[in-house]
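Protein chains: 2
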Amino acid sequence: MDSDSATTPGAGASLPRSVEVSILKNGMTIVTDRMEHLESAALGVWVKAGSRDEHIQEHGIAHVLEHMAFKGTSNRTAQDIAVQIENVGGDVNASTSVETTSYYARILKNDVPLAIDILSDILNNSLFDQQELNREQHVILQEIGASKDSPEDVVFDNFQQSAFYQQALGRPIMGTPETVSSFSAQDIQKYLTDHYHGPNMVLSASGNVDHDAIVKLAENRFSDFGATPAREPDTCVYTGGEAIVSKELQEAQIILGFEGRAYHARDFYASQVLSMLLGGGMSSRLFQEVREKRGLCYSVYAFHQGFSDTGLFGVHAATEDADMPELVPVILEQLRQVGEEIGQDELDRARAQIRAGLMMSLESPASRAGQIARQILLFGRPVTNEELMERLQALTVERLSDLGARLFRENVPTIAAIGPVNHVPSQAEIADRLGMQMPVAAQ
Amino acid sequence: MDSDSATTPGAGASLPRSVEVSILKNGMTIVTDRMEHLESAALGVWVKAGSRDEHIQEHGIAHVLEHMAFKGTSNRTAQDIAVQIENVGGDVNASTSVETTSYYARILKNDVPLAIDILSDILNNSLFDQQELNREQHVILQEIGASKDSPEDVVFDNFQQSAFYQQALGRPIMGTPETVSSFSAQDIQKYLTDHYHGPNMVLSASGNVDHDAIVKLAENRFSDFGATPAREPDTCVYTGGEAIVSKELQEAQIILGFEGRAYHARDFYASQVLSMLLGGGMSSRLFQEVREKRGLCYSVYAFHQGFSDTGLFGVHAATEDADMPELVPVILEQLRQVGEEIGQDELDRARAQIRAGLMMSLESPASRAGQIARQILLFGRPVTNEELMERLQALTVERLSDLGARLFRENVPTIAAIGPVNHVPSQAEIADRLGMQMPVAAQ
Numbered sequence: 001m002d003s004d005s006a007t008t009p010g011a012g013a014s015l016p017r018s019v020e021v022s023i024l025k026n027g028m029t030i031v032t033d034r035m036e037h038l039e040s041a042a043l044g045v046w047v048k049a050g051s052r053d054e055h056i057q058e059h060g061i062a063h064v065l066e067h068m069a070f071k072g073t074s075n076r077t078a079q080d081i082a083v084q085i086e087n088v089g090g091d092v093n094a095s096t097s098v099e100t101t102s103y104y105a106r107i108l109k110n111d112v113p114l115a116i117d118i119l120s121d122i123l124n125n126s127l128f129d130q131q132e133l134n135r136e137q138h139v140i141l142q143e144i145g146a147s148k149d150s151p152e153d154v155v156f157d158n159f160q161q162s163a164f165y166q167q168a169l170g171r172p173i174m175g176t177p178e179t180v181s182s183f184s185a186q187d188i189q190k191y192l193t194d195h196y197h198g199p200n201m202v203l204s205a206s207g208n209v210d211h212d213a214i215v216k217l218a219e220n221r222f223s224d225f226g227a228t229p230a231r232e233p234d235t236c237v238y239t240g241g242e243a244i245v246s247k248e249l250q251e252a253q254i255i256l257g258f259e260g261r262a263y264h265a266r267d268f269y270a271s272q273v274l275s276m277l278l279g280g281g282m283s284s285r286l287f288q289e290v291r292e293k294r295g296l297c298y299s300v301y302a303f304h305q306g307f308s309d310t311g312l313f314g315v316h317a318a319t320e321d322a323d324m325p326e327l328v329p330v331i332l333e334q335l336r337q338v339g340e341e342i343g344q345d346e347l348d349r350a351r352a353q354i355r356a357g358l359m360m361s362l363e364s365p366a367s368r369a370g371q372i373a374r375q376i377l378l379f380g381r382p383v384t385n386e387e388l389m390e391r392l393q394a395l396t397v398e399r400l401s402d403l404g405a406r407l408f409r410e411n412v413p414t415i416a417a418i419g420p421v422n423h424v425p426s427q428a429e430i431a432d433r434l435g436m437q438m439p440v441a442a443q
Numbered sequence: 444m445d446s447d448s449a450t451t452p453g454a455g456a457s458l459p460r461s462v463e464v465s466i467l468k469n470g471m472t473i474v475t476d477r478m479e480h481l482e483s484a485a486l487g488v489w490v491k492a493g494s495r496d497e498h499i500q501e502h503g504i505a506h507v508l509e510h511m512a513f514k515g516t517s518n519r520t521a522q523d524i525a526v527q528i529e530n531v532g533g534d535v536n537a538s539t540s541v542e543t544t545s546y547y548a549r550i551l552k553n554d555v556p557l558a559i560d561i562l563s564d565i566l567n568n569s570l571f572d573q574q575e576l577n578r579e580q581h582v583i584l585q586e587i588g589a590s591k592d593s594p595e596d597v598v599f600d601n602f603q604q605s606a607f608y609q610q611a612l613g614r615p616i617m618g619t620p621e622t623v624s625s626f627s628a629q630d631i632q633k634y635l636t637d638h639y640h641g642p643n644m645v646l647s648a649s650g651n652v653d654h655d656a657i658v659k660l661a662e663n664r665f666s667d668f669g670a671t672p673a674r675e676p677d678t679c680v681y682t683g684g685e686a687i688v689s690k691e692l693q694e695a696q697i698i699l700g701f702e703g704r705a706y707h708a709r710d711f712y713a714s715q716v717l718s719m720l721l722g723g724g725m726s727s728r729l730f731q732e733v734r735e736k737r738g739l740c741y742s743v744y745a746f747h748q749g750f751s752d753t754g755l756f757g758v759h760a761a762t763e764d765a766d767m768p769e770l771v772p773v774i775l776e777q778l779r780q781v782g783e784e785i786g787q788d789e790l791d792r793a794r795a796q797i798r799a800g801l802m803m804s805l806e807s808p809a810s811r812a813g814q815i816a817r818q819i820l821l822f823g824r825p826v827t828n829e830e831l832m833e834r835l836q837a838l839t840v841e842r843l844s845d846l847g848a849r850l851f852r853e854n855v856p857t858i859a860a861i862g863p864v865n866h867v868p869s870q871a872e873i874a875d876r877l878g879m880q881m882p883v884a885a886q
């Protein structure tokens with residue numbers, strides 16, 4: 001992984017005019033991004049802790065905690081939480097990802113204090129009552145069951161597991177029926193106490209909000225979280241792998257993947273641009289070649305996801321059995337070609353797409369609040385769109401094609417598939433087609 | 444169906460200040476809703492034509508047309524369309540529903556003329572080239588295949604088919620592999636010519652847009668569409684029905700349904716409120732009873748959908764085989780109870796949720812453009828949030844419980860299920876539990 005701290009936004013850069021940042025005594029960040037023409041606000045607490053922070057015997061506990069946070073506190077029953085926020089037409093929800101857990105609310109502007117009170121209550125004072133836990137474990141088993149019935153969920157879970165074999169970053173976020181059923185209230189409280197520390201937490205609000213008022217509301221309510229940074233998760237190493245599952249389906253879903261770039265890596269933004277011009281829109285190479293010229297798929301796209309110490313680059317496609325022999329070689333040929341030459345028009349278009357996407361996301365308070373929270377967790381401060389665009393402006397077609405020539409050959413590939421998989425090539429066959437040798441075969 | 448034209452917004456009511464409406468000579472409406480603080484715009488063409496306007500031998504053609512509109516015109520290749528809009532960071536997309544087809548773009552403010560030019564070009568000048576059609580038919584077959592692999596898609600398709608048995612409103616929007624493969628370029632052009640008429644079309648734009656400039660751009664570009672109203676689709680009658688499909692899945696998905704209310708019906712808004720307090724949020728009766736008190740499901744919710752001459756009220760839930768014997772009676776008991784008494788707090792909360800939802804949707808140009816376009820197609824003019832809230836304000840708990848007492852007993856139920864369905868009750872058993880007799884059993 002080629003890291004380069006110079007590409008991490010520097011602490012001295014200027015903030016967008018509408019953004020204000022305060023730090024509580026325990027290190028928790030309060031950030032607001034005011035949009036005074038709105039009647040509403042979006043706010044939430046983002047915690048730098050997710051499934052990859054779990055020990056093996058804790059598999060799934062970050063997500064169980066996220067559910068149990070809504071099951072009653074010393075001040076409110078589960079029903080009180082739902083009724084109080086919906087009485088004012090708001091809603092609260094939460095989500096757990098690999099490196100982050102977030103709890104957020106959408107409310108009208110006058111209900112910001114209520115939303116902050118509820119979010120702080122569920123994070124500070126949850127009871128984790130045993131009877132509620134039993135019921136919620138059963139609810140989560142059903143959530144896992146529904147996910148197993150979705151071929152897309154299954155192929156993405158298997159993909160991540162194969163890419164980061166036997167590591168926390170690869171394990172499915174929801175855990176297994178066995179692990180989820182095994183947790184006690186004490187286990188959940190311990191995970192919270194271990195990972196929900198001030199320096200790992202951001203309260204982010206956007207919309208019609210007042211920074212000073214929010215800081216005042218937050219000061220007392222979030223002061224009990226630990227002031228030391230929480231333990232960092234173990235470093236994760238991309239392994240690559242293969243998970244080809246035969247199942248009676250109309251379409252085979254495949255994900256072809258490679259090691260991507262960490263957030264702080266020199267080539268993080270180049271990898272984002274590469275995934276966009278390969279498979280980010282209707283004009284992208286994969287969409288044009290696979291769907292428009294050949295009619296092989298309804299859905300084909302590329303993605304790049306950064307983590308703190310690694311990344312994943314992938315191509316997802318779904319097709320019927322008869323088209324698979326043509327599909328994979330066509331995708332691999334597109335991956336090969338971006339290593340040869342990239343047009344200035346393609347780079348310009350990818351930049352325009354990212355720029356417009358950033359500008360449009362500024363128009364939504366929920367997008368703003370989430371974006372700034374993640375920036376603070378990753379980079380330690382908000383990053384302006386101008387800074388991001390400067391980074392993109394510095395990219396050249398040569399650097400992109402150079403990255404394209406390396407990215408798909410520097411490490412073994414990952415292949416995950418589900419459905420009619422007779423014609424899905426093995427990991428070794430894919431490596432061979434990309435002109436690289438599998439380490440095992442080389443020994 | 445109890446219709447009452449007095450609940451249809453009157454033509455004399457005032458417009459929101461930011462909204463301007465013009466009508467072209469051929470009857471097409473141009474509506475804009477300016478949000479001058481934005482840097483972007485959302486706009487699109489909404490056509491009052493969808494799958495229910497298809498003759499039986501045209502099943503799926505509305506959706507094929509929507510795809511083929513992006514496959515090349517006399518001015519632009521398919522690739523030109525994609526490249527031109529993405530060069531400026533915009534995107535175009537389209538969707539087909541039962542009664543409406545829409546083509547829309549998200550762009551930065553200076554690119555409004557380009558977006559209008561592209562949308563008018565694809566609707567006026569599409570070539571429906573035979574080779575492109577062959578390829579796109581294959582793409583749509585794969586879209587249908589992927590949908591068949593999604594238990595949720597299948598259960599909703601089966602539900603609609605059973606509720607409106609052997610009628611266009613019940614048929615799956617995407618058609619069947621056989622019908623989709625059968626269409627010629629002439630068939631597609633004929634469906635367009637038959638249904639895309641000025642009086643059935645709205646160009647709606649919101650965001651940083653200028654009404655007069657848009658009208659000027661639209662005038663020449665949309666003047667070739669017919670000036671007579673298109674043929675109205677056949678009246679549809681709710682039949683109710685049963686579609687219980689055994690499949691090896693972790694969870695059984697069920698939809699329990701009833702005849703709902705048409706847009707113009709007296710009880711349309713009451714039905715919307717009833718579905719919200721029954722299963723619209725975390726505080727709703729179904730969520731509280733089914734998930735929070737009993738842990739029977741991860742997902743359970745109610746919905747109400749209006750059409751021009753009928754409606755559908757449904758409850759969707761997913762659960763494992765072992766929980767099904769408890770689940771259905773619990774849902775039916777909740778349906779029975781809303782016919783007895785509804786609390787003022789529940790009505791107030793549902794109103795607050797709808798009001799906040801409306802206010803927040805005003806903050807998104809894409810929501811605004813779509814909402815106003817649909818209002819014009821349904822009611823002939825834009826409807827302000829104040830008017831909508833007045834309608835909700837007029838509702839009483841008595842009227843709602845009275846509706847609740849009728850809605851689930853006035854006609855035979857519909858039941859659709861997929862998965863492990865051993866314990867899913869039949870349509871007759873559900874009718875029996877609701878205290879009504881099936882017409883057939885009564886003979």
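Going line by line, the protein sequences match chains A and B.
The first sequence lines up with residues 1 to 443 when you count with the working numbering.
The second sequence lines up with residues 444 to 886 when you count with the working numbering.
Note that the Cβ used here is the ideal one computed from N, Cα and C, for glycine as well.
Here the structure is a predicted model, which means the values were calculated and not measured.
Which of helix, strand or coil does DSSP assign to residue i?
i      : result
T636/B : helix
A394/A : coil
I342/A : coil
D234/A : coil
L43/A  : strand
E54/A  : coil
H688/B : Reading off the sequence, residue 688/B comes out as Val, not His. Correct three-state label for V688/B: strand.
L887/B : Within the shown structure, residues of chain B are numbered from 444 to 886, placing residue 887/B beyond reach of any answer.
S400/B : Given a span of 444 to 886 for chain B in the structure shown, any question on residue 400/B remains unanswerable.
L467/B : coil
For residue i and chain B, any beta-carbon pair shorter than 7 Å?
i      : result
M282/A : yes
G306/A : no
G447/A : Residue 447/A is absent from the model: chain A starts at 1 and stops at 443.
P172/A : no
V88/A  : yes
A252/A : no
M276/A : no
E39/A  : yes
Output needed for residue i: all residues of its chain with C-beta closer than 8 Å, excluding positions within five of it in sequence on either side, in chain order.
i      : result
E242/A : S162, T414, I415, A416, S426, Q427
Under 7 Å between C-beta atoms, does residue i make it to chain A?
i      : result
Y741/B : yes
R811/B : no
H581/B : yes
A564/B : Per the sequence shown, the amino acid found at residue 564/B is Asp instead of Ala. With 7 Å as the cut-off, D564/B does not count as an interface residue toward chain A.
Quick one: what's got a C-beta closer than 6 Å to residue i's C-beta in the same chain, skipping five residues either side?
i      : result
G669/B : H640
R221/A : S120
N577/B : none
L116/A : The residue you asked about is not Leu; residue 116/A is Ile in the sequence shown. Within the same chain, I116/A has close Cβ partners L217.
With respect to the beta strand (DSSP E) encompassing residue i, which residues constitute its N-terminal and C-terminal limits?
i      : result
A322/A : First-last for A322/A: undefined, no H or E at that position.
L256/A : 252-259
Return the chain-ordered list of same chain residues with a C-beta closer than 7 Å to the C-beta of residue i, the five sequence neighbours on each side being excluded.
i      : result
G306/A : G260, R261, A262, Y263, F268
T96/A  : G50, S51, A62, H63, E66, I173
Where do the N-terminal and C-terminal ends of the alpha helix (DSSP H) with residue i fall, by residue?
i      : result
E429/A : 427-433
V652/B : Looking at the DSSP string, V652/B is not in any alpha helix (DSSP H), and its letter there is neither H nor E.
At which residue ranges does the segment 157-183 of chain A contain complete alpha helix (DSSP H) runs of 4 or more residues, listed in the order of the chain? Restricting attention to alpha helix (DSSP H) runs no shorter than 4 residues, the segment 157-183 of chain A encloses them at 177-182, ordered along the chain.
What alpha helix (DSSP H) runs, 4 residues minimum, are completely inside the segment 62-133 of chain A? As far as the segment 62-133 of chain A is concerned, its whole alpha helix (DSSP H) runs of at least 4 residues are 78-87, 112-124.
Runs of beta strand (DSSP E) wholly within the segment 707-753 of chain B (minimum 3 residues, chain order): Segments of the beta strand (DSSP E) lying fully in the segment 707-753 of chain B: 743-749.
Within the segment 794-868 of chain B, note down every full beta strand (DSSP E) run reaching 3 residues or more, in order along the chain. Counting only runs of 3 or more residues that sit fully inside the segment 794-868 of chain B, the beta strand (DSSP E) segments are 857-862, in chain order.
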